[in-house]
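In our numbering, the protein residues as written are 20 to 309.
Right, one structure below, let's go through it.
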């Protein structure tokens, strides 16, 4: 028995419809964004205790002042660390006669209010005070004044600015070779040997005084008549201001190439004597209140 013949294939198949593209495509719609998380709220700060809440401006200023004051104290303490003291230094003992030998610079010697002697010293070219001390007394009883630049330095002649306040009756011997010297209110005996010096003195009351000046100037004012006064000058200018006395002064003048003018009454037998030794200098003797 023969098998049936297979069907003949369709030679004209019908085309299948193709999907047409969408002329106006719509983009896909994204999903709505999720809501952002809510920020966390910090906890409310606790109320500060009463009296310590807000910092006040004056509190900060007070802190600054405290710091500045602490700094000043520190500087003051450090300034005396080397042994040199700020302000007057008390001199030991109560010497009745002082000797300043070979000093230079500016020297000021005044009468103290009390029985103690004090000193202040600033060495030449220094920013900090030095020390003042006393040496052993000499054969004449005068106690030498010595200076040191600092606590570690050796005591030597004073060179700089020296101020002494001594009991008014202290006798003084000064040998100074440059600078200037000022004296005030002293009534102890004086012996001044000065060279290239400018000397000023007021209110002097010594019983005995000797002044030698070379190549400088001196203006010496006396508040009481000296018993004996000797002034030697060379290449200098000197003014003596003496209180007027009814009995005058006994003047003894010896001069060479000099100009000497005496403006007070002269009495050869007066008990107050003034000796003038003048070489190539000018000397004027004037009333103290003139």
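All C-beta atoms, glycine included, are put in the ideal place defined by N, C-alpha and C.
Item	Value
For a test of the three-state rule: what should DSSP assign to residue 72, helix, strand or coil?	Residue confidence for residue 72 is low, a pLDDT of 44 falling below 50, so the modelled location carries little weight and cannot support an answer.
Can you have a look at residue 260 and say buried or exposed, based on whether 16 or more other CB atoms are within 10 angstroms of its CB?	buried
Rounded to whole angstroms, how far is the Cβ of residue 143 from the Cβ of residue 179, which I believe are closer than 8 Å?	4 Å
Taking Cβ positions, are residue 166 and residue 149 nearer each other than 7 Å?	yes
Considering only C-alpha positions, which residue in the set 262, 235, 243 is nearest to residue 252?	235
Which complete beta strand (DSSP E) runs does the region 252-287 hold, if anything under 3 residues is left out?	256-261, 269-275, 278-281
According to DSSP, is residue 156 part of a helix, a strand, or is it coil?	coil
Please classify residue 55: does DSSP put it in a helix, a strand, or coil?	Low confidence applies to residue 55: its pLDDT is 46, below 50, so where it sits in the model is not reliable enough to give any reading.
I need the straight-line Cα distance from residue 270 to residue 114, nearest angstrom please.	33 Å
Looking only at its own chain, which residues have a Cβ that is under 8 Å from the Cβ of residue 307, when we skip the five neighbours before and after it?	240, 241, 242, 260, 261, 262, 263
Closest by CA to residue 204, which one among 186, 193, 274, 139?	186
Residue 237 to residue 216, Cα distance in whole Å?	8 Å
Nearest-angstrom Cα distance between residue 152 and residue 105?	15 Å
Buried or exposed: which applies to residue 297, given that a residue is buried once 16 or more other Cβ atoms fall within 10 Å of its Cβ?	buried
Give the DSSP bridge partners of residue 139, in chain order.	182
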